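Participant:
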Amino acid sequence: MIIEAGQSKFQIDLNRHLRENNENPALTHLICEISEASKYIINSIRTGDLGVAGTSNLYGEEQLALDVLSDRILKKRLIHSGVVGKIASEEASDVLTIVDNAEHLYSVAYDPLDGSSLVDVNLAVGTIVSIFKGDNIFQTGRKQVAAMYILYGPRTTLIYSTGNGVHEFSLNQLMEYTLVQENIQMNTKANIYSPGGLRNKYTKGVAEYVRHLEEKGVKLRYSGGFVPDFNQVLLKGKGIFFYPHLKGAPNGKLRLLFELNPMAFLIEQAGGAASNGKMPILDIVPKKIDQREPIFIGCKEDVEKAEEYVATED
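Those letters in the sequence shown? Residues 849 to 1162, per my numbering, in order.
(1) If we count the other Cβ atoms within 10 Å of its Cβ and call it buried at 16 or more, is glycine 930 buried or exposed?
(2) Have a look at glutamine 1080 and aspartate 948 and give me their C-alpha separation to the nearest angstrom.
(3) Quick one, which of Asp959, Ser965, Lys934, Arg864 has its alpha-carbon nearest glycine 1104's?
(4) Give the C-beta separation of glycine 1073 and alanine 972 to the nearest angstrom, bearing in mind that I take them to be a contact with Cβ-Cβ under 8 angstroms.
(5) Residues in the same chain with beta-carbon distance under 6 angstroms from isoleucine 860, minus the five sequence neighbours each way, listed in chain order, please.
(6) Using the Cα positions of alanine 901 and valine 916, report the straight-line distance between them to the nearest angstrom.
(7) By DSSP's criteria, serine 1018 is part of a beta bridge. Which residues make up the other side?
(8) Which residue's Cα is closest to the Cα of arginine 1003: Met1023, Thr988, Lys1052?
(9) Quick one: using the 10 Å Cβ neighbour count with 16 as the cut-off for buried, is leucine 809 buried or exposed?
(10) Given a cut-off of 8 angstroms on the beta-carbon distance, is the pair glycine 974 and serine 1042 in contact?
(11) What are the partner residues of serine 883, as DSSP defines its beta bridges?
(12) Which value, in whole angstroms, describes the spacing of the CA atoms of glycine 1001 and isoleucine 1143?
(13) Using 8 angstroms for Cβ pairs, my map puts aspartate 1131 next to threonine 988. What's the rounded Cβ distance?
(14) Ordered along the chain, which non-local residues of its own chain (more than five positions away) have a Cβ less than 6 angstroms from that of valine 1014?
(15) In this structure, how does DSSP classify glycine 974 when only helix, strand and coil are distinguished?
(16) Please report the straight-line C-alpha distance between valine 1158 and proline 1110, rounded to a whole angstrom.
(17) What number of angstroms, rounded off, separates the C-alpha of glutamate 820 from the C-alpha of glutamate 1030?
(18) Which residues does DSSP list as the beta-bridge partners of valine 932?
(19) Who are the Cβ neighbours of threonine 1036 in its own chain at under 7 angstroms, not counting the five residues just before and after it?
(20) Curious, which full-length alpha helix (DSSP H) runs of at least 4 residues does the region 1017-1100 contain?
(21) Quick one: what does DSSP say leucine 926 is sitting in, helix, strand or coil?
(22) Measuring straight from C-alpha to C-alpha, what distance separates proline 1076 and threonine 1160?
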């Protein structure tokens, strides 16, 4: 994007940024609809019920009232957008078909409020979104046409990519997302790491990998939320997040469709890498809606090193 003389990048809003980068008008509309939905989710976080909803999702996890409300807000916006044919939500057990035979429309997979259990202690949470062209959600992540997340923290920020770099926007006092930085780039080596899962459940290769990181002086930085921890890795440009395969949980915890594919798309666009320990996340063919995979995501050299340690387990 070319910023004219005398013009601040902070005057470039999300809609304008997409249009001036010649994005497809329908995709521009969809991304802007999601950004609008996030503003209602923000209000729900600030003022909503922090209790349980009395229901469970498809993983058997107790749903919080904010999970259900955030899902409802985002789903309603997508249904009425006019450009979405299918929706998959982490809070639902089935793919929702809005329009049959919708190859000309988009399919969207999303986690409406990732890390919602952290809201009651006032830690950052987020919305994660994956977008495909056509009506097939069960494609490899490499076929995504866009990915994005919104982080609800001390500031509300939106990160997106349509395959042309990774860009950050911040919500201002007028409730507009305005450009903060374009073309975020990762360094090749990490100086922070965010490890999910219990250490006493780590396999031999993962335990040795953690020892390798610490011997290099890589510092532990972990909040317990995937979106804020990933955001730190991405914006610092020198980190790695992992939630590995564990003893008794060989597929880890995080979901391929709703969490891993969009974040892997973003990290690769920023020059980093994402792997399940054996292959790139973006090359995995999803077989079911609730599929989980281990994840090592961040600086490319450190992800490659993780694969080396995991390979020693075979």
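Glycine included, each C-beta is placed from N, C-alpha and C at the ideal position. Since the model is a prediction, treat every value here as computed from it, not as a measurement.
Facilitator: This is what the structure gives:
(1) exposed
(2) 39 angstroms
(3) Rather than glycine, the amino acid found at residue 1104 in this sequence is leucine. Of the candidates Asp959, Ser965, Lys934, Arg864, the residue whose Cα lies closest to the Cα of leucine 1104 is Asp959.
(4) 6 angstroms
(5) Leu1027
(6) Because the pLDDT of alanine 901 is 43, which lies under 50, any placement of that residue in the model is unreliable, and the question is left without a value.
(7) Thr1005, Thr1026
(8) Met1023
(9) With the chain covering 849 to 1162 only, the question about residue 809 has no answer from this structure.
(10) Taking 8 angstroms as the cut-off, the beta carbon of glycine 974 is found no closer than this to the beta carbon of serine 1042.
(11) Partner(s): none; serine 883 has no beta bridge.
(12) 23 angstroms
(13) 6 angstroms
(14) Ile1032, Leu1114, Gln1117, Ala1118
(15) strand
(16) For the pair valine 1158 and proline 1110, the Cα-to-Cα distance works out to about 23 angstroms.
(17) Nothing can be reported for residue 820, as the shown portion of the chain is limited to 849 through 1162.
(18) Tyr954
(19) Cys1147, Lys1148, Glu1149
(20) The alpha helix (DSSP H) runs lying completely inside the region 1017-1100 and spanning 4 residues or more are 1052-1063, 1074-1084, given in chain order.
(21) helix
(22) 31 angstroms
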